[in-house]
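A.B. asks: One structure coming up, written as structure tokens, with questions to follow.
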Amino acid sequence: MTAVLAFYAASWVLAGVDLEKLATGLPKLWYWIAQAWPPKWDEMPLFLLRMAETVAMAAIGTTVAVVLALPMSLLASRNITPFPRLYVPVRWFLNALRGVDSFVFALLFVAAVGLGPFAGVIGIALHTWGSAAKFFADHLENVNLAPLEAVRTSGAGRFTAILYAIVPDVLPVFASTGLFWWEFNIRASTVLGVVGAGGIGQELKNSMDLLDFSRLFTIIALILVVVTALDQLSSWLRRKLV
Amino acid sequence: MSSFLAPGTRVCPAGLDPEPPRSVPRLSVRAVGKFFGMHEALHAITFDVRERELVALLGPSGAGKTTLFRCITGLLKPDTGAVHVAGLDVGQLRGRQRRHIAVVFQQFNLVSRLSAIDNVLAGRLGHVSAWRGWSRQFSPADRLLALECLDRVGVLALARQRADTLSGGQQQRVAIARALAQQPDIIIADEPIASLDPNSSAEIMELLRGICHADGVSVVCSLHQLHLATAYADRLIGLANGKLVADLPASRFDDAVAAQVYGGEREAPTPPSASPRHPSPGSPR
Numbered sequence: 160m161t162a163v164l165a166f167y168a169a170s171w172v173l174a175g176v177d178l179e180k181l182a183t184g185l186p187k188l189w190y191w192i193a194q195a196w197p198p199k200w201d202e203m204p205l206f207l208l209r210m211a212e213t214v215a216m217a218a219i220g221t222t223v224a225v226v227l228a229l230p231m232s233l234l235a236s237r238n239i240t241p242f243p244r245l246y247v248p249v250r251w252f253l254n255a256l257r258g259v260d261s262f263v264f265a266l267l268f269v270a271a272v273g274l275g276p277f278a279g280v281i282g283i284a285l286h287t288w289g290s291a292a293k294f295f296a297d298h299l300e301n302v303n304l305a306p307l308e309a310v311r312t313s314g315a316g317r318f319t320a321i322l323y324a325i326v327p328d329v330l331p332v333f334a335s336t337g338l339f340w341w342e343f344n345i346r347a348s349t350v351l352g353v354v355g356a357g358g359i360g361q362e363l364k365n366s367m368d369l370l371d372f373s374r375l376f377t378i379i380a381l382i383l384v385v386v387t388a389l390d391q392l393s394s395w396l397r398r399k400l401v
Numbered sequence: 093m094s095s096f097l098a099p100g101t102r103v104c105p106a107g108l109d110p111e112p113p114r115s116v117p118r119l120s121v122r123a124v125g126k127f128f129g130m131h132e133a134l135h136a137i138t139f140d141v142r143e144r145e146l147v148a149l150l151g152p153s154g155a156g157k158t159t160l161f162r163c164i165t166g167l168l169k170p171d172t173g174a175v176h177v178a179g180l181d182v183g184q185l186r187g188r189q190r191r192h193i194a195v196v197f198q199q200f201n202l203v204s205r206l207s208a209i210d211n212v213l214a215g216r217l218g219h220v221s222a223w224r225g226w227s228r229q230f231s232p233a234d235r236l237l238a239l240e241c242l243d244r245v246g247v248l249a250l251a252r253q254r255a256d257t258l259s260g261g262q263q264q265r266v267a268i269a270r271a272l273a274q275q276p277d278i279i280i281a282d283e284p285i286a287s288l289d290p291n292s293s294a295e296i297m298e299l300l301r302g303i304c305h306a307d308g309v310s311v312v313c314s315l316h317q318l319h320l321a322t323a324y325a326d327r328l329i330g331l332a333n334g335k336l337v338a339d340l341p342a343s344r345f346d347d348a349v350a351a352q353v354y355g356g357e358r359e360a361p362t363p364p365s366a367s368p369r370h371p372s373p374g375s376p377r
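Chains A and B supply the protein sequences, listed in that same order. Position 163, counted from 1, in the first sequence is what our numbering calls 322; the numbers after and before it change by one each time, with no gaps. Position 95, counted from 1, in the second sequence is what our numbering calls 187; the numbers after and before it change by one each time, with no gaps.
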């Protein structure tokens with residue numbers, strides 16, 4: 160109990176929680192919001208382009224990640240892997256990918272491949288690869304193996320049997336989770352532009368740097384509208400899948 | 093016989109077996125023994141199963157029935173002796189050669205989200221090239237064969253239904269159709285009716301006997317219900333404590349033999365369906 164209290168006390172100090180600052184800061188925020196009206200419509204085509212860039216980055220990154228995660232998840236499931244020796248290294252590799260946020264990967268790859276959305280795509284793909292493969296593998300480890308055994312006795316090879324007996328059962332769940340990650344990555348990648356990895360985040364940062372609050376809030380409103388719409392679309396698709 | 097079936101096809105349609113009887117027994121079990129640590133699970137088991145013969149394997153739980161089946165299907169390597177199916181050493185069977193032995197399970201083990209016909213087509217995977225299995229694209233001949241197998245077990249009308257929407261009896265019929273589509277030499281049925289109600293149980297046994305006698309596929313079937321064993325099997329084999337204690341025609345089975353197999357118990361244990369060994373997501377609701 161004392162340990163928990165000490166933990167929170169230390170965290171409070173380390174996190175620099177200062178309610179006084181919040182009290183003086185909030186009115187500033189109100190002043191900015193007051194300046195936000197009317198929205199900036201003239202730059203809308205640019206914002207829409209950047210937003211489309213963000214959605215595209217998330218789509219490509221998530222798709223690449225899921226495609227890479229499928230074979231990896233077979234190696235990372237104790238009950239299915241054809242190479243049990245690789246189980247632990249693969250799990251470590253996936254944990255490493257998962258442990259580093261797409262934002263951090265993007266930061267690194269902006270340095271490597273230059274400014275622009277491609278760095279963001281790589282960032283999203285690497286982080287989501289780890290998360291997706293771990294989720295798929297955890298799901299596979301709980302799958303009913305009896306049909307696999309049955310299909311194997313008919314003379315099917317190991318890989319054929321997995322595709323025939325396991326994949327049909329897990330595919331709807333995997334597809335649904337893939338959509339969920341796409342949705343999640345759209346939200347996550349709105350900020351990737353801050354490190355120069357393309358998308359709407361770039362304009363967000365520019366507006367903040369220029370203290371152009373009406374521009375800033377126009378962008379935030381656009382993000383909210385697009386993210387909400389795609390969330391709805393994605394959850395509708397997922398309901399159809401499962 | 094339909095021309096699209098491969099030569100040597102023994103299954104469906106019923107009663108038109110083109111193959112002459114062979115001298116080699118379909119299944120030959122020779123002095124099979126198996127140890128688990130210090131425990132002798134099987135001791136020098138020897139018996140043959142001929143063509144068109146349905147053999148029921150009896151014995152109390154723990155007698156070694158499952159171990160024997162796993163040795164017959166090649167899932168387990170016996171410590172002594174050998175198992176041959178149609179002259180082939182089961183210990184040497186690799187990959188698609190396993191299609192010679194079909195297995196019917198207590199819990200049916202169908203792929204729950206696939207249709208009945210796709211489940212039956214799984215029986216063709218040991219015959220066709222791998223890409224057909226990966227893409228689930230089978231030739232018209234294979235699909236016709238699958239439909240014939242479904243017809244043979246009486247569920248042709250359910251071909252397009254998803255397996256998990258079928259009742260237990262229907263699922264077991266589909267599983268038997270899958271075994272038939274394999275065009276095996278022998279069907280090993282591991283307590284195929286333990287999860288079914290009495291009516292479905294009798295129907296499934298009737299079906300297995302018909303397939304065995306008319307289509308020429310030998311069947312070895314482990315059972316707990318003595319009255320079904322004597323009614324449907326040609327021969328009974330009794331296991332007790334890992335030893336073969338009875339091997340006789342079904343007509344000669346009597347209480348004395350039952351006592352030999354089940355020890356002091358007069359009758360077989362009550363149907364074990366009340367306690368299935370594995371919970372199955374695809375079990376009937």
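Glycine residues also receive a C-beta, built at the ideal position from the N, C-alpha and C atoms.
Does the beta-carbon distance from Phe265 of chain A to Val354 of chain A come in below 8 Å?
C.D. replies: What sits at residue 265 of chain A in the sequence shown is Ala, not Phe. Going by C-beta atoms, Ala265 of chain A is nearer than 8 Å to Val354 of chain A.
A.B. asks: Just the Cα atoms here: how many angstroms apart are Ala356 of chain A and Ile325 of chain A?
C.D. replies: The alpha-carbon atoms of Ala356 of chain A and Ile325 of chain A are separated by roughly 38 Å.
A.B. asks: Run the CB neighbour count on Gly374 of chain B, radius 10 Å, all protein chains shown included, and call it buried at 16 or more, exposed below.
C.D. replies: Confidence in Gly374 of chain B is poor, its pLDDT being 42 and thus under 50, which makes the residue's placement too unreliable to answer from.
A.B. asks: For the segment 328-351 of chain A, which residues have a beta carbon sitting closer than 7 Å to at least one beta carbon of chain B?
C.D. replies: Answer set for the segment 328-351 of chain A: Asp328.
A.B. asks: For the alpha helix (DSSP H) containing Thr222 of chain A, name the first residue and the last one.
C.D. replies: From DSSP, the alpha helix (DSSP H) with Thr222 of chain A extends over 203-234.
A.B. asks: Are the CB atoms of Val266 of chain B and Ala174 of chain B nearer to each other than 8 Å?
C.D. replies: Cβ atoms of Val266 of chain B and Ala174 of chain B: not closer than 8 Å.
A.B. asks: Are the beta-carbon atoms belonging to Ile329 of chain B and Ile193 of chain B less than 8 Å from one another?
C.D. replies: Cβ distance not < 8 Å, so Ile329 of chain B and Ile193 of chain B don't count as in contact.
A.B. asks: Do you know offhand how far Asp210 of chain B's Cα is from Asn201 of chain B's?
C.D. replies: Approximately 13 Å between the Cα atoms of the pair.
A.B. asks: Kindly indicate which three-state DSSP category Leu400 of chain A falls into: helix, strand or coil?
C.D. replies: DSSP places Leu400 of chain A in helix when its eight states are reduced to three.
A.B. asks: I need the straight-line Cα distance from Pro113 of chain B to Glu143 of chain B, nearest angstrom please.
C.D. replies: The predicted position of Pro113 of chain B is uncertain, since its pLDDT is 49 and thus under 50; a value taken from the coordinates is nonetheless stated next. Looking at the two C-alpha atoms, the distance is approximately 7 Å.
A.B. asks: Quick one: any contact between the segment 211-228 of chain A and the segment 307-323 of chain A, if contact means 3 or more CB pairs under 8 Å?
C.D. replies: Result no; under three Cβ-Cβ pairs closer than 8 Å.
A.B. asks: Would you mind stating whether Gly289 of chain A and Phe268 of chain A have Cβ atoms separated by less than 8 Å?
C.D. replies: Cβ atoms of Gly289 of chain A and Phe268 of chain A: not closer than 8 Å.
A.B. asks: Please list, in chain order, the chain A residues whose beta carbon lies closer than 8 Å to that of Ile193 of chain B.
C.D. replies: Result: Thr312.
A.B. asks: Which residues in chain B have a C-beta closer than 7 Å to the C-beta of Pro230 of chain A? List them in chain order.
C.D. replies: Those do not exist, as Pro230 of chain A stays about 14 Å from chain B at its closest Cβ, beyond 7 Å.
A.B. asks: Identify which residue in B:Arg216, B:Gly225, B:Trp223, B:Ala249 has its Cα closest to the Cα of Leu237 of chain B.
C.D. replies: Comparing Cα positions, the closest option is B:Arg216.
A.B. asks: Against chain B, with Cβ distances strictly below 8 Å, would Leu299 of chain A count as a contact?
C.D. replies: Not one chain B Cβ lies under 8 Å of Leu299 of chain A.
A.B. asks: Residues of chain B with CB closer than 7 Å to the CB of Thr319 of chain A, please, in chain order.
C.D. replies: Going along chain B in sequence order, the residues near Thr319 of chain A (Cβ under 7 Å) are Leu217, Ala222, Gly225, Trp226.
A.B. asks: Quick one: grab the DSSP three-state call for Gly258 of chain A.
C.D. replies: Helix at Gly258 of chain A.
A.B. asks: Got a sec: is the Cβ-Cβ distance from Pro306 of chain A to anything in chain B below 8 Å?
C.D. replies: Answer yes: the Cβ-Cβ gap between Pro306 of chain A and chain B drops below 8 Å somewhere.
A.B. asks: Note down the Cα distance separating Leu318 of chain B from Arg205 of chain B, rounded to an integer number of angstroms.
C.D. replies: Those two C-alpha atoms are separated by around 35 Å.
A.B. asks: So with CB distances below 8 Å, who are the chain B contacts of Ala324 of chain A?
C.D. replies: Neighbours of Ala324 of chain A on chain B, chain order: Val203, Ala214.
A.B. asks: At what residue ranges does the segment 311-339 of chain B contain a whole run of the alpha helix (DSSP H), taking only runs of 4 or more?
C.D. replies: DSSP runs (the alpha helix (DSSP H)) wholly in the segment 311-339 of chain B: 318-324.
A.B. asks: Give the list of continuous beta strand (DSSP E) stretches no shorter than 3 residues that lie fully inside the segment 178-204 of chain B.
C.D. replies: Counting only runs of 3 or more, we get 193-196.
A.B. asks: Run through chain A and tell me which residues come within less than 9 Å of Gly261 of chain B, C-beta to C-beta.
C.D. replies: Simply none; closest approach about 18 Å.
A.B. asks: Within 8 Å (strictly less), CB to CB, does Arg162 of chain B reach chain A?
C.D. replies: No, Arg162 of chain B does not count as interfacial toward chain A.
A.B. asks: Tell me, please, whether the CB atom of Gly357 of chain A is closer than 8 Å to any CB atom in chain B?
C.D. replies: For Gly357 of chain A, the answer is no, since every Cβ of chain B falls outside 8 Å of its Cβ.
A.B. asks: For Ala155 of chain B, which three-state DSSP category applies?
C.D. replies: DSSP places Ala155 of chain B in coil when its eight states are reduced to three.
A.B. asks: From the beta carbon of Gly187 of chain B, is the nearest beta carbon of chain A less than 8 Å away?
C.D. replies: Output row for Gly187 of chain B: interface = yes.
A.B. asks: Please return the same chain residues whose Cβ sits closer than 8 Å to the Cβ of Asn303 of chain A, not counting the five positions on each side in sequence.
C.D. replies: For Asn303 of chain A, where only same-chain residues beyond five positions count, the Cβ hits under 8 Å are Asp328.
A.B. asks: In chain C, what lies closer than 7 Å to Leu206 of chain B by C-beta?
C.D. replies: Considering every chain present, this structure includes no chain C. Its protein chains are A and B.
A.B. asks: List the residues of chain B that Ala380 of chain A touches, going by C-beta distances under 8 Å, in chain order.
C.D. replies: Ordered by position in chain B, no residue passes the 8 Å Cβ test against Ala380 of chain A, which lies about 42 Å from the chain.
A.B. asks: Identify the contact partners of Gly316 of chain A in chain B, using a Cβ-Cβ distance below 7 Å as the criterion.
C.D. replies: Simply Gly187, Ala222.
A.B. asks: Based on Cα-Cα distance, which residue from B:Met130, B:Phe128, B:Gly129, B:Val141 lies nearest to Val121 of chain B?
C.D. replies: That would be B:Val141, whose Cα lies nearest to the Cα of Val121 of chain B.
A.B. asks: Between Asn344 of chain A and Met367 of chain A, what straight-line distance do the alpha-carbon atoms span, to the nearest angstrom?
C.D. replies: One C-alpha to the other measures close to 23 Å.
A.B. asks: Skipping 5 residues on each side, what residues in its chain have a beta carbon closer than 7 Å to that of Thr257 of chain B?
C.D. replies: Counting only Cβ-Cβ distances below 7 Å, and skipping sequence neighbours, we find nothing.
A.B. asks: Count the other C-beta atoms from every protein chain shown that fall within 10 angstroms of the C-beta of Pro276 of chain B, then say buried if there are 16 or more, exposed otherwise.
C.D. replies: Counting Cβ neighbours within 10 Å, Pro276 of chain B comes out buried, since at least 16 surround it.
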